[in-house]
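Below you'll find the structure, written out as structure tokens, and then a few comments.
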Amino acid sequence: MATNDDDLFRQEMADVTPIKPDNRATQPRSKRPNSLREQLRRAAAMDDRQDRNPLTVPEQVPRIGPTDIVGVKKNGVQEGVYRKLRLGKYDAQDLLDLHRVRLMDARDRMQTFLMKAHEQGLRSVLINHGKGVHSERPGFLKSYVMHWLEESHLVLAYHSAPQNQGGSGATYVLIRKSSQSRQRNREFFMEAGKNNRSS
41 MATNDDDLFR QEMADVTPIK PDNRATQPRS KRPNSLREQL RRAAAMDDRQ
91 DRNPLTVPEQ VPRIGPTDIV GVKKNGVQEG VYRKLRLGKY DAQDLLDLHR
141 VRLMDARDRM QTFLMKAHEQ GLRSVLINHG KGVHSERPGF LKSYVMHWLE
191 ESHLVLAYHS APQNQGGSGA TYVLIRKSSQ SRQRNREFFM EAGKNNRSS
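Just so you know, we're using the numbering used here here: the sequence shown kicks off at 41 and counts up by one.
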């Protein structure tokens, strides 16, 4: 009969075979899937010749809050044109929805969208990036979208949409005219000028 706890324990464990250390199952620690650092690492590993997207993905961009209203008018944009954009007076000719899209995918989709809008001669488009209120980092994607809009040579101005069109979770963008659009405008105004002189 066992006289103390140690003796009792040894008696109960007498027929148990210990597990050898090399037979233990190890579970690797799982990284957070699609973390920003991982996405940036993969992007940096890409061959520069393959990545023709001019939009950059720095580790940090100026933080923009989920409900912050954002507006930028680049050089050369008339105040009246910007005011109409700000008030949502221009109809969005196309829409890009980036809800629940990963950062690097959002970057690629945005560049493709802006290029297509420019090539098609669109003037006003809407980007629906969401507010990111409930995300781990509130306003994360919105902050990068604003960084890319500022960076893009295809963008003349942008402003948060009016409340009834997405509010701070969407942004109206004024696209730079393509050379073909500028040429058509010149021809139109030259023709209009000739008609006015002959009247």
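Glycine residues also receive a C-beta, built at the ideal position from the N, C-alpha and C atoms.
- Taken atom to atom, the span from the alpha-carbon of M150 to that of R140 is near 14 Å.
- According to DSSP, residue pairing for G111 in a beta bridge involves H199.
- Of K114, P102, D148, L154, the smallest CA-CA separation from K182 is found for P102.
- Put simply, the stretch 92-102 does not touch the stretch 166-176. Fewer than three CB pairs are less than 8 Å apart.
- When Cβ pairs closer than 8 Å are counted between the two stretches, the stretch 142-159 is seen not to touch the stretch 113-128, the count staying below three.
- Under DSSP, Y212 takes part in a beta bridge, and its partners are L166, H199.
- Nearest neighbour of M144 by Cα position, chosen from A197, Q205, I215, P94, turns out to be P94.
- In the DSSP assignment, D45 falls outside any beta strand (DSSP E) and within the unbroken alpha helix (DSSP H) covering 45-52.
- Secondary structure note for D148: its alpha helix (DSSP H) is the uninterrupted segment 143-159.
- Excluding the 5 residues flanking it on each side, S164 has same chain C-beta neighbours closer than 8 Å at L125, Y130, D131, A132, Q133, Y212, V213, L214, I215, in chain order.
- With at least 16 other beta carbons inside 10 angstroms of its own, L154 counts as buried.
- Nearest Cα to G209 within the set M53, L162, V112, D108: D108.
- Pairing A197 with K114 gives a Cβ-Cβ distance under 8 Å.
- With fewer than 16 other CB atoms across the displayed protein chains lying within 10 angstroms of its CB, A54 is exposed.
- Here R147 is buried, its C-beta having at least 16 other C-beta atoms within 10 Å.
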